[in-house]
Each structure stands twice: as C-alpha cells, then as structure tokens.
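Notes follow once the structure below has been shown.
Number of protein chains: 2
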Amino acid sequence: MRPIHIGLLGLGTVGGGTLAVLQRNAVEIARRAGREIVVSHASSRSLRMAPEALARVAMMDDPFQLVAQPEVDIVVELIGGCTPARELVLQAIAQGKHVVTANKALIALHGNEIFAAAQQYGVTVAFEAAVAGGIPIIKAVREGLAANHIEWIAGIINGTSNFILTEMRDQGRDFTDVLQEAQTLGYAEADPTFDVEGVDAAHKLTILAALAFGIPLQFSACYTEGIGQIQPQDVENAARLGYRIKQLAFTRKTEQGIELRVHPTLIPAKCLLASVDGVMNAVLIQGDMVGQTLLYGPGAGALPTASSVVADIIEVARTLTTDPHNRVPHLAFQPGELAATPLLPMTEVTTAYYLRLTAQNKPGVLAAVTTILAEAGISIAAMLQQQPESGSYQVPLVMLTHPVQEQQMNAALARITSLPDIADEGVRLRVESLD
Amino acid sequence: MRPIHIGLLGLGTVGGGTLAVLQRNAVEIARRAGREIVVSHASSRSLRMAPEALARVAMMDDPFQLVAQPEVDIVVELIGGCTPARELVLQAIAQGKHVVTANKALIALHGNEIFAAAQQYGVTVAFEAAVAGGIPIIKAVREGLAANHIEWIAGIINGTSNFILTEMRDQGRDFTDVLQEAQTLGYAEADPTFDVEGVDAAHKLTILAALAFGIPLQFSACYTEGIGQIQPQDVENAARLGYRIKQLAFTRKTEQGIELRVHPTLIPAKCLLASVDGVMNAVLIQGDMVGQTLLYGPGAGALPTASSVVADIIEVARTLTTDPHNRVPHLAFQPGELAATPLLPMTEVTTAYYLRLTAQNKPGVLAAVTTILAEAGISIAAMLQQQPESGSYQVPLVMLTHPVQEQQMNAALARITSLPDIADEGVRLRVESLD
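Written out as structure tokens, the structure reads:
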C-alpha cells in the first residue's frame, strides 16, 4: 500500500514532537498500521527544527494551501488557539480530508460545528491529544467504557496547577512563590491565567463531559475557579482533616442536571487520585457497571502529546476505507442521539464544604457562627480547634460541613462574614468524597 | 438498522453479568452503537438466572448448535477454560462469525491458532475482558499507545494475590490465614493454585507482552513464582527499606531478549503502583515517547468484566462492514510483522534482590556472606541490622543488592546457604525500581 501522507500544520512543541515520533518509530508504526506514515507537507510560521528532519517534507508558506493539497490524506492541526485553526480545520474537512488535532480550545469552543461538518463530509476529526496529553483517555471513555452509564468523572488535568499545589503541600510554600518557580522551570506560561484560573482544565472537562453523557459541547456553561486564593494553612488544615487540595475538574450527572465545574477541591488523602503529584495528570471515572477506573500519565510535553497525535493518525489511517456511518462517533454517541440534559448552575450544585474564617478571640463568636449554619440547615462534619498565635486577638475557625446546596452556603456565608467579630471574607473550598 | 444478535456461550458470573449489562443499559448502548444489541441465543450447562432475563432469549442445549445459528452475528464465549471453548471458538470463526471472549487461558494458550483462523475467515476475535477485567488495557496498549516502542509493562493483575499481600501488610497476618479469609469472602477459589502461584497473572502477562512487543503468544516461556513463601517479616522489612511487596507481572524488552515473569517483587513504596491495594488491578506501561502511563480499576467481578465484554461487542458491531485488512490487528502488529525476538530464560534476567538469611549469632558469619557476594561481583545496596530475639542464637540477615544476573545470584546463594552458620534456604525476592 502507498504511504499515508500527513500535512502538518505547526512545527512548534507538539508539531516538532509529532514529526520526531513519526520518524523515530517509523518501522514500529508501519508494523502496526500496515503501511508507512510520512509527513509529506508542513507549514509553520517560525522554523526552529534541524534541516535534516525536514529533508523530505515539502514546506508551504500558506497553511490554507497545505489543506488543499490533493496528496495530503490527513491534516494534523497543531497550531493551537482558534484563529486560524478553526478555519483551517473546516477547510480541510470541506476538502474531504481527515483531521487530527491536539487543540482543546478549538474542540471545546467549536467542536459542535466541526463535528457537524465532518459528519456532512464523511471524514473523521480525531482529538485524543486534546485531553490529558499522552493518556488515552478519549479512547477509554468513548470506547473502552461504552457499556456504562458514566456517573461522574474527576480529573487532575492541568499539570501547572497540580505542580503548584504539590509544591505548596510538600514544601509549605505559598502560591506566588511556587508559581514563579513553575514559570522558571517552564511548567507555567509567562501569562499563567489559562492554567491557574482553570480555563485550560475547563476546555478538557467540557470535552470529557460531552463524551461521557452524550451532550453537546458547552464550554460557556463550565464553572471555573482558580487556585490563587489557597493559603499554605489551607493545605495544612486539609492534611490534618485527612484530605488533600487538588485543582479538580469534575462533571457529574444528577437527576437535576449535569454539573460541570473546575475548582480547588478537598479529596480524601487515601484515594489514588490524591497521590497524583507534580505535573502528572489523572482521570478517575465512575461507571455504573465497571465501578471506578483511573488513568494516569503525562498530561503535556512534546513527546507524550505527540504519542496521542500519532495514535490518532494510525487510527484514522485504518478508517480510510471504512463506511463513515460505522465509525466511532466523534462525541461517543451517534450525532442524532445527543441529549438536551440541562447543565446545573453552580448555585444549585450540592457539595460538602471546607470553611476557614478568621474570628475575634472572644466568647460567643463560635456560637454565632454555628447558629447561622444550623439555621441554614448546614451541619458540621468536623472542626479544627486552633490556638491563636501568641499575641494575636484573632483565631482561625476551620470546619468541614456535610453536603449542602451552594446557594444555601452562599447565603449562610454572607450572614457569617457580616458578623462584627468575623474579620475577613474567609476561604470556602468544596469537598468531594469520590466514592 | 436491524439489531445485532448475540449468541451467548455460558451464563455463569460473567455471562450473567453480560446479559445484565446489555439489558440494563440497552438504551445508552444503542445511542452509542447506532443500533440495538440483543442476546438472541444462549447456551449454559446450569441455569441460575431469573426467567424474565431470558424471556426473549432462545436457549440451546448444544453450544455447537448455537455457534452454527445463521441469525447469530457475534458469538460471546464466557465458558472459560480451553475445552470445549477452543473448539467452539474455532467453529464460530469457521462459520464466519465474530467472537468476543473473556477467556485469558484460551487466548494465552491457543491465541496464535485462533487469530490465524480469524485472519483466514476475515473475522474479529475481541478479548478486552481477558486482561484486568473492567480496565480497557488491551485497547490502551494496542491502540492508545500505538506510536510507542513499549519498553516494559508492570502489572498487578491478580486480585486474589493483591488482596492477600495487602492484608498481610495492613494487618501483619500470615499468608495461610489471609488466604482462608479470601476463600471465605469469595476472593479466592477453593483451589487457589492458579491465583497464588501466578498462573492466572501469567496468562494475562503473556497477552500483554505479545501486544506490546509484536511477538507471538508464548505462555509456556513465562516464568512464574507464587507468593506462598512470603512471611510477615518480609513485608515488614520491605516497608523499612522503603518498598512494598506486590505480586508483579513484568515484561521488558532488552537487547538480550524479552523478559516475561510473574513473581513477588519489591517495588518503591512511593510509586503509584505500590498504592494499588486489595482486589484492585493496575497496569503501568513505559513507552519511549509517552513515558509512564498507568491504568487502574477492578480486575474481576461480574459487572466490571461484562463492561469490557460489552465494549468489545459494540466495537465488533461497528466493524461488521469494514474491510478486514484495515481493522486493528488482533495482536497490535500486522500478522506478517510479528518478530521472533527471543524470550530470555530467567537465569539470564538481571534484577536487584532482597535477601533474608537466618544466621548463627556469632562473629564472622556476616563476613563470610559478604565475601561470597563480593567474589560473585554482587554489591550490597542496603542492609537491615536486626537484634536477635531474646534467647535466640539466630539472627536474620536482610539486605538489598544492586542488579545482578539471576544465575550469578543463584550460584552465590548456593554457596551462602551451604555455609555451616547459615540456618536455612533463606528468602530471595526480586526488586524493581520501575523508573
């Protein structure tokens, strides 16, 4: 059989990695795929690669010219961002070309449009590398667990946030300090907003939720909260209570609707997900038949991400001759079978909470706080008694609550923080038992 | 489209689970697969199911008659064992029927013959449920990581052994005691040989090694060693040295050949695999591009195993119209591309070792032991100094060595245990750093 010809858009970190994987493992890949896979064309704004790697690649200045090349079988989009990636992918589809992409923002924001176009033209758009880098999580949720009603998915799917929280715990350092180190090490961007504010994780979670529950991609409905407000004392308190704080991407189907949320979360220290440290990623899936499965691995990096890109290329190469109607559907469910299950606003989500308040060290404050909680129907599951620092007139009040609806907690907290003897806005984190 | 008709061989634990999953999640499965999947025929030696579950199933006394039914699209073999499973599967294939099986012994022992027949008749034999129950590990190794040279795979893939070792560690109990409890709880069979001697894990490892390295299935070349000789003091010593003892199924490709071995192993306590406890399974894979990925979940049980069986059914249903030459190859590599890479005899495998010897408590014994090790070129990485129990004339000598070839270790150990002041055969366990 003639080799599969790849047109590569972008030769940055992941693009360069993809070229490297296809070249280094060419023999092994051909033994699996049953044919050679070669990069025949590439397009890149800036070129930082060794010329020998590109010796047999036709370089094109205009990426739109690349997607129109008749010899290209599969277009691999590794530019990132939505412009011009969306337009390039749609044009590739309209030319009848299959597409492989690692672009989570593109899929989370424009996936519905892109998959509809792919459906219309009978091509596949593969995106394993868009979620959790080298971990084959799309394949696991979409195919491996296809017999299950997925009940919920909990992921640590942003390496930067997880690195920061791990360092805060292991070294007792504060957020700003560790963020600077992460930037120096290259684990965090110069502008870390996407990572530490939860936007990157929300892109990935949006995709996982669609695959799990058979709903359209709805990124704008995802609740996000960053890790910037977490103090070393919260990390310590969590440990004393038997928990760890992780930036959790969590989606769950309840009778009221689907929860879709990314926020710092206390999870039990003894669960496997709590042991996922540093820049590593992991996704824990609860299915009604299988129970819990977890997938763990590197969520970023040139070669791990390229591992998933190339796996997709091999898979697409196999489907070139298949009947489009019998392929695995892009979003796991048949296009006509997506459900209009509503997404639950955050105010209607029910979770347990960790609260840390700063109170004046005088009689009656605790009684006032607990009375407000009791009146709101919020019961306390655990409490940390702490001595005030010597010479301080303030004491921290730390407690875990039983599950309660967010709007009730908000109302109670508003009353509590308006008490004259409560010194600040406090810290409120959600708690998930993951059982 | 008309429903896919399943012929179910066996209605025991997994067969009953498969029927339950297909019935309970029928709507969700049809939304994913694009068509209904129904069990049209079934055959079972003994029937312990609720009659309503079988209301629309044609029961057949003769399983050979079932595999010949023209209406059956996919034969699902859940009888277990090789006789008559092998004959039934081969006859189904010869009738042009696709097969799904959870039968690890059948695949490990007769997979080469079965896949050759499937190739000849253009059908698929799917076996996700044969390894690690509900964990989609076959799919991950065969497809998700297809861009990698797999370097090694380390698995905890026998729940019974892992339950026993976990209880020994957590409760300080001894092997026989915990085994009895496991039998009472139903985690171990009345005859536990297959589980505790490593045979079950060896079946699964044989399959994983073939998928990882592109070699034929070679069960008879797998080295196995049971967990029966492990004492509570070994579990304790391992912990003091920073390790945990796990029944590890390990396969690695080296320049000398492929290692294929199941034996109790010390692994670093801080690696994620060491935290896999109780009856849970996990598989850690080292690929040259992705680095390390781990998959974790339930390795047995009716519904988790059925989750994988039904995922295979959905996948096979999708491939009914595909060109047989463009399907994922049974053993990950194209049938003509399997390599004759030799398997390494255990004597030529190089690992680090944990040694526990019982010595007379008198001067010169340690010098004699360490001299023999030094003469064999074996260097000591760590040593536990232990006081003799009061009134005892014997002391335990516990040490970790640096890596050495097994035959050198065997020769040195033979010399050591023939020393007059060494009281017994000692315990020798292998150590893997998994880095």
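Chains as they are written, first to last, in numbering that gives the first Met the number 0: chain V, 0 to 434; chain Y, 0 to 434.
Every residue, glycine too, gets a C-beta built ideally from N, C-alpha and C.
Chain-ordered residues of the segment 262–295 of chain V with a beta carbon less than 7 Å from chain Y: Of all residues in the segment 262–295 of chain V, only L271, S274, G286, M288, V289, G290, Q291, T292, L293, L294 and Y295 come within less than 7 Å of chain Y when Cβ atoms are compared, listed by chain position.
Selected residue, minimal CA-CA separation from V/P323, among V/V403, V/A116 and V/I421: The shortest C-alpha separation from V/P323 is found at V/A116.
9 Å Cβ cutoff, Y/Q333 in contact with chain V: Judged by the 9 Å Cβ criterion, Y/Q333 is in contact with chain V.
Residues bridged to Y/P267 (per DSSP): Paired residue(s): Y/Y242.
Contacts of V/D322 in chain Y (Cβ-Cβ under 8 Å): Using a Cβ-Cβ cut-off of 8 Å, V/D322 is close to T320 and T321 of chain Y, given in chain order.
Unbroken stretches of the alpha helix (DSSP H), 4 residues or longer, contained in the segment 12–62 of chain Y: Counting only runs of 4 or more, we get 12–23 and 25–32.
C-beta atoms of V/R438 and V/L396 nearer than 9 Å: There is simply no residue 438 of chain V to check, as chain V begins at 0 and stops at 434 in what is shown.
CB contact flag (Y/A91, Y/V289, <9 Å): No. Outside cutoff.
Environment of V/A189 [buried if 16+ CB atoms lie within 10 Å]: That one is exposed.
Any 3 or more C-beta pairs closer than 8 Å across the segment 251–260 of chain Y and the segment 328–337 of chain Y: Short answer: they don't touch.
Inter-residue spacing [alpha-carbon to alpha-carbon] between Y/T370 and Y/N409: Here the C-alpha atom of Y/T370 lies approximately 15 Å from the C-alpha atom of Y/N409.
Nearest-angstrom Cα separation, counted from V/T192 out to V/T416: One C-alpha to the other measures close to 28 Å.
Cα-Cα separation, Y/H4 to Y/S39: One alpha carbon belongs to Y/H4, the other to Y/S39, and they sit about 5 Å apart.
Rounded C-alpha distance that separates Y/Q385 from Y/R239: Each residue's Cα considered, the two are about 12 Å apart.
Bounding residues of the beta strand (DSSP E) (the contiguous stretch that carries Y/T349): Segment T349 to Q359, the beta strand (DSSP E) holding Y/T349.
V/P231 versus V/V66, V/V426 and V/P2, residue with shortest Cα-Cα distance: Closest by alpha carbon: V/V426.
Test item: CB-CB of V/L259 and V/Y222 under 9 Å: By the CB criterion at 9 Å, V/L259 and V/Y222 fall inside the cutoff.
Residue range of the unbroken beta strand (DSSP E) whose run includes V/T253: Segment: none, V/T253 is in no beta strand (DSSP E) and carries neither H nor E.
CB contact flag (Y/G158, Y/E196, <9 Å): No, the Cβ-Cβ distance between Y/G158 and Y/E196 is not below 9 Å.
Contact residues within the segment 27–50 of chain Y, judged by C-beta distance below 7 Å to chain V: Of all residues in the segment 27–50 of chain Y, only E27, I28, R30, R31 and G33 come within less than 7 Å of chain V when Cβ atoms are compared, listed by chain position.
Neighbour-count burial assignment, Y/T175, 16 or more Cβ in a 10 Å radius: By the 10 Å Cβ count, Y/T175 comes out exposed.
Beta-bridge partners of V/A209, as assigned by DSSP: In the DSSP output, where bridge partners are listed per residue, V/A209 has none listed.
Residue-level contact to chain V via CB, Y/V309, 9 Å cutoff: For Y/V309, the answer is yes, since a Cβ of chain V falls inside 9 Å of its Cβ.
Reduced DSSP category for Y/G474 - H, G, I as helix; E, B as strand; rest coil: The requested residue 474 of chain Y does not occur in the structure, where chain Y is confined to residues 0 to 434.
Where the alpha helix (DSSP H) containing Y/T369 begins and where it ends: Note, Y/T369: alpha helix (DSSP H), V364 to E374.
The segment 148–159 of chain V: positions lying closer than 8 Å to chain Y by Cβ: Answer set for the segment 148–159 of chain V: H148.
Closer than 9 Å at the beta carbon, the chain Y residues around V/P341: The premise fails here: V/P341 is roughly 18 Å from chain Y at the closest Cβ pair, so nothing lies under 9 Å.
Distance CB(V/I78)-CB(V/K96) smaller than 9 Å: Contact: no.
Inter-stretch contact at 8 Å, needing at least 3 Cβ pairs: the segment 5–25 of chain V / the segment 39–49 of chain V: With the rule of 3 Cβ pairs closer than 8 Å, the segment 5–25 of chain V counts as touching the segment 39–49 of chain V.
Interface residues of the segment 133–147 of chain Y facing chain V [CB-CB below 8 Å]: Those residues of the segment 133–147 of chain Y that come within reach of chain V (Cβ to Cβ, closer than 8 Å) are G133, I134, P135, K138, A139, E142, G143, L144, A145, A146 and N147.
Candidates V/V26, V/G16, V/G213 and V/L365, of which the one nearest V/L53 by Cα: Cα-wise, what sits closest to V/L53 is V/G16.
Separation of V/A153 from V/P402, as counted between CA atoms: Spanning the two alpha carbons is a distance of roughly 18 Å.
Within-9 Å CB hit, V/L302 to chain Y: Flagged as an interface residue toward chain Y: V/L302, by a C-beta distance shorter than 9 Å.
Under 9 Å by beta carbon: chain Y residues contacting V/E224: Ordered by position in chain Y, no residue passes the 9 Å Cβ test against V/E224, which lies about 27 Å from the chain.
Continuous alpha helix (DSSP H) stretch holding Y/R414: start and end: Where Y/R414 is concerned, the enclosing alpha helix (DSSP H) stretches over E405 to T416.
Segment contact, 8 Å Cβ cut-off, at least three pairs: the segment 199–216 of chain Y with the segment 93–111 of chain Y: Judged by Cβ distances under 8 Å, the segment 199–216 of chain Y makes contact with the segment 93–111 of chain Y, as three or more pairs qualify.
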